[in-house]
Amino acid sequence: MIADPAATAGLVVREVRSGTRGGAATRIVVARRTYPTDRLDLWEALTSPERIPRWFLPVSGDLEVGGRYQLEGNAGGVVERCTAPDSFAVTWEFGEMMSWLEITLAPAGRGTTLELVHEAPVDPQMWGQFGPGAVGVGWDLALMGLGLHLESGAPVDPTIAITFPTSPEGIEFVRRSAAGWADAAVSDGDEPGPAHDAAGRTVAFYTTLPEEPSDSEGSSGSGN
Numbered sequence: 026m027i028a029d030p031a032a033t034a035g036l037v038v039r040e041v042r043s044g045t046r047g048g049a050a051t052r053i054v055v056a057r058r059t060y061p062t063d064r065l066d067l068w069e070a071l072t073s074p075e076r077i078p079r080w081f082l083p084v085s086g087d088l089e090v091g092g093r094y095q096l097e098g099n100a101g102g103v104v105e106r107c108t109a110p111d112s113f114a115v116t117w118e119f120g121e122m123m124s125w126l127e128i129t130l131a132p133a134g135r136g137t138t139l140e141l142v143h144e145a146p147v148d149p150q151m152w153g154q155f156g157p158g159a160v161g162v163g164w165d166l167a168l169m170g171l172g173l174h175l176e177s178g179a180p181v182d183p184t185i186a187i188t189f190p191t192s193p194e195g196i197e198f199v200r201r202s203a204a205g206w207a208d209a210a211v212s213d214g215d216e217p218g219p220a221h222d223a224a225g226r227t228v229a230f231y232t233t234l235p236e237e238p239s240d241s242e243g244s245s246g247s248g249n
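With the sequence shown counted from 1, adding 25 to any position gets you the numbering used here.
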């Protein structure tokens, strides 16, 4: 899928911030990556219902301001703001969990820099277990898929995308990504040891294949 996972993971600049929203503490992950395309093309890839599934997930609903969208098998939410082709902001709702996502595009030489800002209420247990990588690694994988689509113009094979994190190249990408997010958390004040321990658990989460049912299950009642 990618020839150099370390270099691809290194294309993302990562930052972690502490914030508040509605009086509640939040943590904010920020990912920036520059793509070799113009702002209009990148904007269309991010906002067109026809192009979003080519690198991310099928999307349904109303993508206008005030409308509600739904990503297949993933988050949904409300489009809160949209200023084409500069930025948009949406709520990011998964089950009972509410967070906020903002995307900003800016010219960068012959390319365009995408800044992704994802803010979520602090869950001390979740943060202690996985740190920012729980969210950040997922976004790094999405930004990688976006880059592949922009480079070729073709859709990313969803089957390959699903299995990529458990491939040798994918494991290396996830390891580099999680380490980068741990470093960003340390820069925001987290203790280095726990931050990198959390990164290790994040790597295991993303790269471990689900267990298959045992062949013996359901056979105990058979007669001879």
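Glycine included, C-beta positions come from ideal geometry on N, C-alpha and C.
Within the continuous beta strand (DSSP E) that includes R93, where are the two ends?
Indexing the sequence shown from 1 puts residue 93 at position 68. Here the beta strand (DSSP E) through R93 covers 93–96.
Determine the burial state of L168: buried for a count of at least 16 other Cβ atoms within 10 Å of its Cβ, exposed for fewer.
Stepping through the sequence shown from its first residue, residue 168 is reached at position 143. Buried: at least 16 other Cβ atoms inside 10 Å.
Just verifying my parser: in three-state terms, what is the DSSP assignment at R52?
Here the question's residue 52 lines up with position 27 in the sequence shown. If DSSP states are grouped into helix, strand and coil, R52 belongs with the strands.
In terms of residue numbering, what span does the alpha helix (DSSP H) encompassing M169 cover?
Start at 1 with the first residue of the sequence shown, and residue 169 comes out as number 144. Where M169 is concerned, the enclosing alpha helix (DSSP H) stretches over 158–177.
Three or more C-beta pairs closer than 8 Å, one from the stretch 154–162 and one from the stretch 211–223: is that the case here?
yes
If you reduce the DSSP assignment to three classes, tell me which class I77 lands in.
Along the sequence shown, read from residue 1 onward, the residue named residue 77 stands at position 52. If DSSP states are grouped into helix, strand and coil, I77 belongs with the helices.
Could you tell me which residues DSSP pairs with L88 in its beta bridges?
To locate residue 88, count along the sequence shown from 1; it is residue 63. None, per the DSSP bridge assignment.
State the Cα-Cα distance for the pair V41 and T191, rounded to the nearest angstrom.
For the purposes of this step, residue 41 is taken as residue 16 along the sequence shown, with counting starting at 1. For the purposes of this step, residue 191 is taken as residue 166 along the sequence shown, with counting starting at 1. Spanning the two alpha carbons is a distance of roughly 26 Å.
First and last residue of the beta strand (DSSP E) that includes G136?
Locating residue 136 in the sequence shown gives position 111, where the first residue counts as 1. First-last of the beta strand (DSSP E) with G136: 136–146.
Output the boundary residues of the beta strand (DSSP E) element that contains F119.
By one-based count along the sequence shown, residue 119 stands at place 94. Segment 112–119, the beta strand (DSSP E) holding F119.
Would S202 be called buried (16 or more neighbouring beta carbons within 10 Å of its own) or exposed?
Counting from one through the sequence shown, the residue named residue 202 turns up at place 177. Flag for S202 reads buried.
Whether L126 touches H143 by CB criterion (7 Å):
For this step, residue 126 is matched to residue 101 along the sequence shown. For this step, residue 143 is matched to residue 118 along the sequence shown. Contact: yes.
Integer-rounded CB distance, given that T137 should sit under 8 Å from T72:
In the sequence shown, residue 72 corresponds to position 47, counting from 1. In the sequence shown, residue 137 corresponds to position 112, counting from 1. The pair is not a contact, with the Cβ atoms about 14 Å apart (cut-off 8 Å).
Excluding five sequence neighbours on each side, which residues of the same chain lie with their C-beta closer than 6 Å to the C-beta of G35?
As a position in the sequence shown, residue 35 is number 10, starting the count at 1. Closer than 6 Å at the Cβ level, and outside the excluded window around G35, lies no residue.
How long is the line joining the alpha carbons of T188 and G86, rounded to whole angstroms?
Taking the first residue of the sequence shown as 1, we reach residue 188 at position 163. Taking the first residue of the sequence shown as 1, we reach residue 86 at position 61. Cα to Cα, T188 sits roughly 28 Å from G86.
Flag this pair as touching only if the stretch 86–106 and the stretch 117–125 have three or more C-beta atom pairs under 8 Å; answer yes or no.
yes
Cβ neighbour criterion (16 or more within 10 Å) applied to D148:
If you number the sequence shown from 1, residue 148 lands on position 123. D148 is exposed by the Cβ-count criterion.
If we define contact as Cβ-Cβ less than 7 Å, is G195 a contact residue for chain C?
The structure shown contains no chain C; it holds only a single protein chain.
Would you mind working out which of T233, V162, V55, T184 sits nearest P78, comparing C-alpha positions?
Your numbering for residue 78 matches position 53 in the sequence shown. The candidate whose alpha carbon is nearest that of P78 is T184.
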